[in-house]
Each structure stands twice: as C-alpha cells, then as structure tokens.
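First residue of the sequence shown: 46, per the working numbering; consecutive thereafter.
Glycine included, every Cβ here is placed at the ideal spot set by N, Cα and C.
Treat the numbers as computed from the prediction; the structure is a model and nothing was measured.
Scroll down for the structure; my scribbles are underneath it.
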Amino acid sequence: MHIAFVARKTLYSQPGGDTVQVEQSAAALRRQGHNVSIISSGTSLPDNIDVLHGFNLGRPADLLPYFTSFPGKKVLSSIYVDYALADSVRFHLLYKLLGKHGLEHMKTLARALNGSDRWPGLAYALRGQRRSVQALLKHTHTVLTSSDSEARRLEQDFGALPKTITVPLGVAEEFLTPPKEGAKEGILMLGRLEWLKNQKTVIQWASKRHWPLTVVGDPNKNQQGYYRECKAMAGETISFLPHTGGEELLALLDSHKLLLIPSHFESFSLVGWEAAARGMKVLFNEVADMEETLAPIGEGIDFSDEAACTLRIQEALSEPVDIKKSQALLEGRSWDQIVMQILAAYA
C-alpha cells in the first residue's frame with residue numbers, strides 16, 4: 046500500500062509532538078512493508094496513492110486542497126489543539142471580540158503575512174476557520190483522535206463527525222528499553238517555548254524556590270517575546286537547552302527525576318509517556334485532554350493554584366521512583382503495535 050502523509054509546512058523547522066507522530070507512524074508502517082511518503086503542505090502528491098492521511102485538523106487550509114482533489118480513501122489525525130485558555134490571556138481583547146475560531150483565523154493569516162508560514166489561500170481567508178474545518182471533515186472518511194475527550198471536543202465545536210476511531214500514540218523503542226541505573230534529580234520541562242506550554246509559570250516558581258530546572262525547547266518563531274521573558278526571570282538554578290532528541294534526550298530523561306507539563310492544553314502529551322518509560326515522575330496540568338491521556342502514568346494538579354502546586358512538586362522531588370512499575374505500564378504501547386490500529390482505519 047502507498048500512503049501519503051500530509052503535514053504542516055513547518056513540521057521540521059518548528060518540530061513538535063506531531064513531528065514525532067508523523068515520523069514514528071511512517072517508520073512503523075514501512076516496517077510492515079508499506080510505502081509512505083511524507084509531504085509538507087504546498088507540495089504535490091506523488092503518483093499512485095492508495096490512502097491520503099492528513100495531520101492537524103486545526104490547520105484546514107493546509108489539507109483542504111488535497112482532501113478535495115484526491116478521489117481515494119482519506120484519513121485525518123485530528124491533533125486538535127484548543128488554544129482558548131492561552132489566547133484568552135495572551136490576546137484578551139481580541140479573544141473577547143473574535144472568539145477562539147475567529148482568533149485562530151486571524152493568527153493563520155498573520156503567520157502568512159509575516160512570512161513564518163504559507164499563505165492559506167483566498168478560500169480559507171473568506172470562509173474562516175470553523176467553516177474551513179467543517180468543509181475538511183466533510184471530505185474525510187475517517188477521523189483518528191488520540192483520546193475520547195478529543196472526539197467529544199470536536200463534536201462540540203464542529204457538529205456531527207465522520208467515522209471516528211480513538212488511537213493513542215505509541216512510544217518509540219529507544220524509550221522502552223530499561224533505563225540505565227543512576228541518580229535522578231531535578232526538574233525537566235520539554236516543549237517549544239510559547240504561551241500554550243506555560244513554561245513561564247514554572248520558571249517563576251523555580252526561581253523563587255531555587256529548584257534545579259532544565260528547560261528544553263526552541264522558542265516559537267512568532268513568540269520571541271515570551272522566550273525573552275522566560276530567560277529574564279530565570280534564576281541561577283535554571284538552564285535552557287535547544288530542542289533535542291536521540292541519545293541526548295534519553296540522557297536528560299535518565300538523569301532527571303520529575304517531568305512537569307504545565308501546558309494550558311495538550312491533545313496527547315507524548316513526552317509524558319516517554320518520561321514515564323525512563324522512570325521519571327510526571328506531574329501535568331489538569332486540563333483536557335491530559336486528564337485522560339496521562340492519567341495512567343502521571344498525576345494531574347491544578348497549575349493555577351501556586352500554593353498547592355509548589356507543595357506537590359516539592360514532595361515529588363523527595364519521593365523515590367519506581368522504574369519497574371513505569372516499564373510495566375508501557376506494555377502494548379510500541380509504535381509497531383499502535384500502527385496496526387491505524388492500518389485498520391485504512392481498510
């Protein structure tokens with residue numbers, strides 16, 4: 046089978062969780078003997094495609110030209126991120142005036158105008174965000190969500206859905222091997238530095254309490270001011286590293302004790318599962334969809350309550366880790382097993 050993955054233009058220039066999802070899904074499908082082409086938005090599809098698989102429902106302008114022209118089976122991994130909580134703070138007046146769909150429409154056009162993303166097209170500019178998403182869904186045979194919570198949010202925002210299947214993300218083999226023994230200490234945060242990820246809150250807390258904190262990730266190209274604010278408030282116990290992967294990432298996970306995920310929203314926080322696989326404790330913000338997707342391997346806390354949060358973080362830093370328990374939770378979560386569910390959706 047020849048499958049075309051269509052992803053955002055910035056998949057590699059601004060890597061995120063969807064970059065891992067696309068690459069690992071493609072690799073697992075290839076191990077099953079299938080041909081997978083990864084196409085960035087704006088480039089042509091290869092010939093003889095059997096299945097078109099798009100990623101990121103929240104970027105309908107990237108996918109609509111392909112989904113409207115391709116005559117075969119079309120599958121969509123929604124990865125539907127709700128920016129409302131972050132945007133209601135970051136763009137308070139605009140959010141009140143435009144609402145979340147209107148503001149997302151404006152942000153898409155703004156990224157094109159400042160050159161950080163491709164022009165979404167006149168049809169999208171005139172139709173708007175919500176109607177463009179609804180049009181994309183009408184051309185989709187099957188939607189893949191990573192949680193039941195995500196499916197419910199989609200239906201609330203856009204109405205009746207096509208066939209929908211919940212398929213969790215997998216964990217790469219390098220994370221599933223037993224971690225090296227050794228001392229684990231300090232706090233780790235992983236992810237692009239931006240309002241949605243809410244790293245600034247933890248940096249502020251860690252600076253006041255002199256917690257050892259490592260912040261890993263590149264700044265969002267359109268939110269350089271947020272990155273500068275994070276750096277400016279960081280105390281001496283806080284270090285910053287660029288986006289990393291491979292052996293360097295494994296070494297960070299193996300040497301740190303606690304992973305914090307303070308995001309205002311995550312559809313599926315893959316880094317939480319990767320950290321748990323390496324024996325780390327995981328504390329995450331109690332928001333959808335993390336309450337569902339991270340519940341088996343972490344603990345939800347309310348990051349809007351500084352007193353309660355900082356007390357729980359301090360406790361977690363002194364608690365022992367249980368690597369054997371972490372490994373047992375990951376049975377059945379390899380990409381080679383997860384991809385069998387994706388193949389069933391292609392049928």
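Just verifying my parser: in three-state terms, what is the DSSP assignment at Lys119?
Reduced to three states, the DSSP call for Lys119 is strand.
Spatial distance of Leu148 from Lys225 (CA atoms)
Answer to the nearest angstrom: the Cα atoms are 46 Å apart.
Thinking C-beta only, is Lys145 closer than 9 Å to Thr187?
No, these two residues do not count as a Cβ contact at 9 Å.
So if DSSP puts Leu328 in a beta bridge, which residue, or which two residues, is it bridged to?
Paired residue(s): Leu305, Glu344.
Can you check which of these residues, Gly280, Asp263, Gln179, Thr209, is closest to Leu112 by C-alpha distance?
The question names Leu, yet the displayed sequence has Phe at residue 112. Phe112 has its Cα closest to that of Gln179, out of Gly280, Asp263, Gln179, Thr209.
Rounded to a whole number of angstroms, what is the C-alpha to C-alpha distance between Val332 and Gly290?
If you draw a straight line from the Cα of Val332 to the Cα of Gly290, it comes to about 26 Å.
Secondary structure of Gly377, DSSP reduced to three states:
Here Gly377 sits in coil by DSSP.
For Lys208, count neighbouring C-beta atoms within 10 Å of its own C-beta (all shown protein chains included) and say buried if the count is 16 or more, exposed if not.
When all chains shown are included, Lys208 counts as exposed.
Val384 burial status per 10 Å Cβ neighbour count (16 or more: buried):
When all chains shown are included, Val384 counts as buried.
Taking the DSSP output, what are the residues bridged to Gly99?
In DSSP, Gly99 forms a bridge with Val51, Leu121.
Candidates Arg135, Leu241, Leu258: which alpha carbon is nearest Glu230's?
Checked all of Arg135, Leu241, Leu258; the closest Cα to Glu230 is Leu258.
Pick out whichever of Lys302, Phe313, Pro91, Ala352 has its Cα sitting closest to the Cα of Ser192.
Of the candidates Lys302, Phe313, Pro91, Ala352, the residue whose Cα lies closest to the Cα of Ser192 is Phe313.
Looking only at its chain, what residues have a beta carbon closer than 6 Å to the beta carbon of Glu344, apart from the 5 residues adjacent to it on each side?
Excluding residues up to 5 positions away in sequence, Leu328 lie with their Cβ nearer than 6 Å to the Cβ of Glu344 in the same chain.
Do you know offhand how far Ala277's Cα is from Gly270's?
The straight-line gap from Cα to Cα measures roughly 10 Å.
Just to confirm my understanding: we take His150, look at its own chain, exclude 5 residues before and 5 after, and list those with CB closer than 7 Å. What are they?
If we look at His150 and ignore the five residues flanking it on each side, its Cβ neighbours are Gly173, Gln174.
Does DSSP classify Val188 as helix, strand or coil?
The answer is strand: DSSP assigns Val188 an E or B state.
So Lys208 is in the beta strand (DSSP E); what residue range does that whole segment cover?
Taken as a continuous stretch (DSSP letters only), the beta strand (DSSP E) holding Lys208 covers 208-211.
9 Å Cβ cutoff met for Leu56 and Ile83
Annotated as proximal: Leu56 and Ile83, with beta-carbon spacing under 9 Å.
Residues sharing a beta bridge with Val260, DSSP:
Looking at the DSSP output, Val260 shares a beta bridge with Met234, Phe285.
Please return the same chain residues whose Cβ sits closer than 6 Å to the Cβ of Ala131, not counting the five positions on each side in sequence.
Trp240, Leu241, His309.
Verify whether the separation of the beta carbon atoms of Met325 and Leu303 is less than 9 Å.
In contact: Met325 and Leu303 (Cβ atoms closer than 9 Å).
Count the other C-beta atoms from every protein chain shown that fall within 10 angstroms of the C-beta of Asn243, then say buried if there are 16 or more, exposed otherwise.
Within a 10 Å sphere around the beta-carbon of Asn243 sit 16 or more other beta-carbons, which makes this residue buried.
Among Arg53, Leu297, Ala392, whose alpha-carbon lies nearest the alpha-carbon of Arg163?
Minimum Cα distance to Arg163 is reached at Arg53.
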